[in-house]
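Here the sequence shown stands for residues 7 to 245, where the numbers follow UniProt numbering. Here a beta-carbon is modelled for each residue, glycine too, at the ideal position from N, C-alpha and C.
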Amino acid sequence: QRHKLKYKRVLLKLSGEALMGDKGYGIDPTTVEYMANEIKKIVDIGVEVAIVIGGGNIFRGVEASVKGMERASADYMGMLATVINALALQNALERIGLQTRVQSAIEMRELAETYIRRRAIRHLEKGRVVIFAAGTGNPYFTTDTAAALRAMEIGANVICKGTKVDGVYTADPVKDPTAKKFDEISYIDVLKKNLKVMDSTAITLCMDNNLPIVVFNIKKADNIKNIVVGKKVGTIVKG
Ligand code: UDP
Numbered sequence: 007q008r009h010k011l012k013y014k015r016v017l018l019k020l021s022g023e024a025l026m027g028d029k030g031y032g033i034d035p036t037t038v039e040y041m042a043n044e045i046k047k048i049v050d051i052g053v054e055v056a057i058v059i060g061g062g063n064i065f066r067g068v069e070a071s072v073k074g075m076e077r078a079s080a081d082y083m084g085m086l087a088t089v090i091n092a093l094a095l096q097n098a099l100e101r102i103g104l105q106t107r108v109q110s111a112i113e114m115r116e117l118a119e120t121y122i123r124r125r126a127i128r129h130l131e132k133g134r135v136v137i138f139a140a141g142t143g144n145p146y147f148t149t150d151t152a153a154a155l156r157a158m159e160i161g162a163n164v165i166c167k168g169t170k171v172d173g174v175y176t177a178d179p180v181k182d183p184t185a186k187k188f189d190e191i192s193y194i195d196v197l198k199k200n201l202k203v204m205d206s207t208a209i210t211l212c213m214d215n216n217l218p219i220v221v222f223n224i225k226k227a228d229n230i231k232n233i234v235v236g237k238k239v240g241t242i243v244k245g
């Protein structure tokens with residue numbers, strides 16, 4: 007079972023919607039189980055896996071603030087939503103035999119460890135999957151930015167950003183059939199063309215630190231595994 011790995015330590019970014027399936031809201035157990043199995047495939051070949059999970063399937067701060075709620079409070083609700091997702095994913099991973107830890111950016115010590123960088127790295131070295139919950143712990147940020155930040159902090163070799171489509175396109179492929187997929191694109195082009203890869207704060211952080219991002223379709227089985235062994239999957243964003 008020896009695989010030559012292109013990426014040894016991976017930060018996987020999953021949006022909250024990745025746990026939602028076709029339900030339109032909340033958490034779909036079958037979908038969570040699928041995600042867990044995809045993650046297991048790379049743990050089994052020796053990849054160290056950290057995950058940042060979003061919360062958009064439950065609550066998004068900006069959306070609530072547009073309707074009048076104070077932005078900071080709304081964002082804290084969004085961060086709590088990511089904790090719910092983290093626990094769901096943790097449970098699914100443990101049911102298939104993986105060792106996991108949830109680390110929250112907001113202290114909730116009855117249900118998760120508090121984020122401690124060195125401790126997170128130690129878990130990874132021991133083969134545990136580390137799920138980072140509560141984003142960055144700050145309002146006005148997103149879990150994409152949390153993914154970029156945590157990836158840098160733990161020395162990840164890549165961010166794998168799971169999406170519903172096959173990569174980065176010239177336009178939204180769901181709405182525009184003429185949209186073309188990029189195999190590779192630079193950070194600066196993503197920013198200039200305002201492509202919806204991750205928000206600009208996250209992209210900038212990756213650009214300044216030369217951290218590659220692979221955008222890929224999470225719904226296609228084996229995609230994550232193929233990325234870490236070096237196959238061409240999705241779109242790579244780099245310098
Ligand atoms: N959030 C925040 N700070 C962070 C990360 C997230 O305030 O560092 C809040 C924000 O309100 C956001 C919500 O949590 O709308 C859910 O996160 P996000 O929208 O990034 O989730 P995703 O779209 O990936 O499911």
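Would you call the CB atoms of residue i and residue j closer than 8 Å?
{"i": "Arg15", "j": "Ile122", "result": "no"}
{"i": "Arg156", "j": "Leu18", "result": "no"}
{"i": "Met158", "j": "Asn215", "result": "yes"}
{"i": "Leu25", "j": "Thr36", "result": "no"}
{"i": "Ala111", "j": "Gly84", "result": "no"}
{"i": "Asn245", "j": "Tyr193", "result": "The residue you asked about is not Asn; residue 245 is Gly in the sequence shown. Result yes, Cβ atoms of Gly245 and Tyr193 sit closer than 8 Å."}
{"i": "Val171", "j": "Val220", "result": "no"}
{"i": "Ile191", "j": "Thr241", "result": "yes"}
What does the alpha-carbon distance come out to for the pair residue i and residue j?
{"i": "Leu197", "j": "Asp178", "result": "16 Å"}
{"i": "Val235", "j": "Leu99", "result": "21 Å"}
{"i": "Asp205", "j": "Ala153", "result": "11 Å"}
{"i": "Lys47", "j": "Ile230", "result": "8 Å"}
{"i": "Lys108", "j": "Glu131", "result": "Strictly speaking, residue 108 in this sequence is Val, with Lys absent from that position. Roughly 15 Å between the two C-alpha positions."}
{"i": "Gly60", "j": "Pro145", "result": "14 Å"}
{"i": "Ala78", "j": "Arg66", "result": "11 Å"}
{"i": "Leu95", "j": "Tyr40", "result": "10 Å"}
{"i": "Ala200", "j": "Gly22", "result": "Here residue 200 turns out to be Asn, not Ala, going by the sequence shown. One C-alpha to the other measures close to 22 Å."}
{"i": "Ala208", "j": "Gly103", "result": "32 Å"}
{"i": "Lys237", "j": "Tyr13", "result": "11 Å"}
{"i": "Arg124", "j": "Met75", "result": "36 Å"}
{"i": "Glu44", "j": "Leu217", "result": "23 Å"}
{"i": "Asp34", "j": "Leu20", "result": "14 Å"}
{"i": "Ala162", "j": "Ala56", "result": "8 Å"}
Using 10 angstroms around the beta-carbon of residue i, count the other beta-carbons present and answer buried if the total reaches 16, otherwise exposed.
{"i": "Thr184", "result": "exposed"}
{"i": "Gly52", "result": "exposed"}
{"i": "Val180", "result": "exposed"}
{"i": "Tyr175", "result": "buried"}
{"i": "Tyr82", "result": "buried"}
{"i": "Asp228", "result": "exposed"}
{"i": "Lys167", "result": "buried"}
{"i": "Gly62", "result": "buried"}
(Q) Quick check: the stretch 104-124 against the stretch 133-141, are at least 3 beta-carbon pairs closer than 8 Å? (A) yes
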